[in-house]
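A.B. asks:
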Ligand code: PMP
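Numbering (our numbering), first residue to last: 182 to 538.
This is the structure:
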């Protein structure tokens, strides 16, 4: 605590990203990064951009990248905005669409843990909607008075999807409130709501290039929605920093989106590995939640998650453990390469056997 801090800074509990220890080489299955490199075309585009134009500010409205994103969705530039990672766009949603003195916004009790941090930072009141015992969202919770809604679909850290018909019901009931759908993981098998944008001006879909495009290091996310919502985001962006997405990021991201063949190949590879690892873990007796993402959320009936987490770490394998009621016997395991996952499976089998003795 410092006497120089504002009340907000004193009260806030900042988000804690997955650890990145430097003491040895780890197999990193703890931050849902993509184990494969980005398209070679991305690197070439970044090299060119660096050679030619780094002394100039980037395009403050990111028009060519926005066009590249809009076109495969059949949307227009005015329906797209870009951000320094989707985290930035999610943060901008709070001052853009939610009221500090208004009704509480709604999000799940188990979901992306950045949402309550933004709510505290921007002093937006919020209410948690509990997931049921199977980690499903209850649509009825969102058919009540509220100041706005945030849903991660597929959810994190469970990986479970919300059916489109439920999303549609929620959008129809909340026509006067903004519903933000965080589709960070949708490319790995979720049902996207982008097709609903034309009918629902209250819908904003937020995506990222960090996972399915192997570009976590470039920091690019995008938001899709009606013109009014996109303009709201831009107003906030232009009140913070005109150039949140730098030249290299705009050039690299554009090429990643254009190289659809590479994107499809990497995505299918991860889904195949995920499904194989899920059935192996089930054979070991794990409860494995049905995942539509690039990670698995798993729990073992005998070996506590905390022990598994520690023992895996000792063996150089990092996974994510959340010390939170309701999920503190689960591990979130990002999908790595087949080789990495085989080492993970071997280590898990060994630990579970030893614990059972
Ligand atoms: N939403 C969810 C649900 C996430 O898990 C993440 C990754 N931590 C993000 C958004 C943010 O991704 P990025 O800022 O890298 O685009």
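Ideal placement from N, C-alpha and C gives every residue a C-beta, glycine not left out.
Using beta carbons (cut-off 9 Å, strictly below), is residue 478 in contact with chain E?
C.D. replies: The chain labelled as chain E is not found in the depicted structure, where only one protein chain is given.
A.B. asks: Please write down, chain order preserved, every residue whose beta carbon lies under 5 Å from a heavy atom of the ligand PMP.
C.D. replies: Cβ-based neighbours of the ligand PMP within the cut-off: 266, 267, 268, 293, 333, 337, 363, 365, 389, 391, 402.
A.B. asks: Does DSSP put residue 252 in a helix, a strand or coil?
C.D. replies: Helix at residue 252.
A.B. asks: Identify whether residue 288 lies in helix, strand or coil by the three-state DSSP scheme.
C.D. replies: Three-state result, residue 288: strand.
A.B. asks: Looking only at its chain, what residues have a beta carbon closer than 6 Å to the beta carbon of residue 223, apart from the 5 residues adjacent to it on each side?
C.D. replies: Correct list, in chain order: 433, 436, 437.
A.B. asks: Taking just the CA atoms, how far does residue 205 sit from residue 323?
C.D. replies: Roughly 45 Å separates the two Cα atoms.
A.B. asks: Identify whether residue 518 lies in helix, strand or coil by the three-state DSSP scheme.
C.D. replies: Looking at residue 518 - three-state DSSP - the assignment turns out to be coil, as it is neither helix nor strand.
A.B. asks: On the CB-based measure, 16 or more other CB atoms within 10 Å of its CB, does residue 188 come out buried or exposed?
C.D. replies: That one is exposed.
A.B. asks: For residue 498, which residues does DSSP report across the bridge?
C.D. replies: For residue 498, which the question treats as bridged, DSSP gives the partners 208.
A.B. asks: Mind listing, in chain order, the continuous alpha helix (DSSP H) runs of no fewer than 4 residues lying wholly within the segment 372 to 426?
C.D. replies: Taking only runs of at least 4 residues, the alpha helix (DSSP H) segments lying wholly in the segment 372 to 426 are 408 to 418.
A.B. asks: List the DSSP bridge partners of residue 331.
C.D. replies: According to DSSP, residue 331 bridges with 361.
A.B. asks: From 423, 520, 493, pick the residue whose C-alpha is nearest to that of residue 570; which is it?
C.D. replies: What the structure shows of the chain is the stretch from 182 to 538, and residue 570 is not part of that stretch, so it cannot be assessed.
A.B. asks: Taking 6 Å as the limit between beta carbons, can you name the residues of its chain near residue 511, skipping five residues before and five after?
C.D. replies: Result list for residue 511: 478, 480, 486, in chain order.
A.B. asks: Under 8 Å from any heavy atom of the ligand COA, does the C-beta of residue 513 make it?
C.D. replies: The ligand COA is not part of this structure, which contains only the ligand PMP.
A.B. asks: What residue from 237, 239, 263, 241 has the CA that sits closest to residue 249's CA?
C.D. replies: Residue 249 has its Cα closest to that of 263, out of 237, 239, 263, 241.
A.B. asks: Which residues does DSSP list as the beta-bridge partners of residue 309?
C.D. replies: 288, per the DSSP bridge assignment.
A.B. asks: Compare the Cα-Cα distances from residue 195 to each of 295, 266, 232, 286 and report the closest residue.
C.D. replies: It is 295.
A.B. asks: Using the Cα positions of residue 235 and residue 429, report the straight-line distance between them to the nearest angstrom.
C.D. replies: Each residue's alpha carbon lies about 8 Å from the other.
A.B. asks: My guess is that residue 386 and residue 362 are in contact by the Cβ rule of under 8 Å, so how many angstroms apart are they, rounded?
C.D. replies: Their Cβ separation, rounded to whole angstroms, is 5 Å, which keeps residue 386 and residue 362 in contact under 8 Å.
A.B. asks: What ranges does the beta strand (DSSP E) occupy inside the segment 436 to 501, keeping only unbroken runs of at least 3 residues that lie completely in it?
C.D. replies: The segment 436 to 501 contains these whole beta strand (DSSP E) runs: 476 to 480.
A.B. asks: Evaluate residue 421 with the Cβ neighbour count: other Cβ atoms within 10 Å of its Cβ, from every protein chain shown; 16 or more gives buried, anything less gives exposed.
C.D. replies: Result: exposed.
A.B. asks: State the start and end residues of the unbroken alpha helix (DSSP H) segment that holds residue 266.
C.D. replies: 266 to 278 is the span of the alpha helix (DSSP H), which, as asked, contains residue 266.
A.B. asks: Only counting the same chain, and skipping five residues up and downstream in sequence, which positions put a Cβ closer than 6 Å to that of residue 238?
C.D. replies: Counting only Cβ-Cβ distances below 6 Å, and skipping sequence neighbours, we find 424.
A.B. asks: Among 474, 255, 431, 227, whose alpha-carbon lies nearest the alpha-carbon of residue 241?
C.D. replies: Here the closest residue by C-alpha is 431.
A.B. asks: On the CB-based measure, 16 or more other CB atoms within 10 Å of its CB, does residue 463 come out buried or exposed?
C.D. replies: When all chains shown are included, residue 463 counts as exposed.
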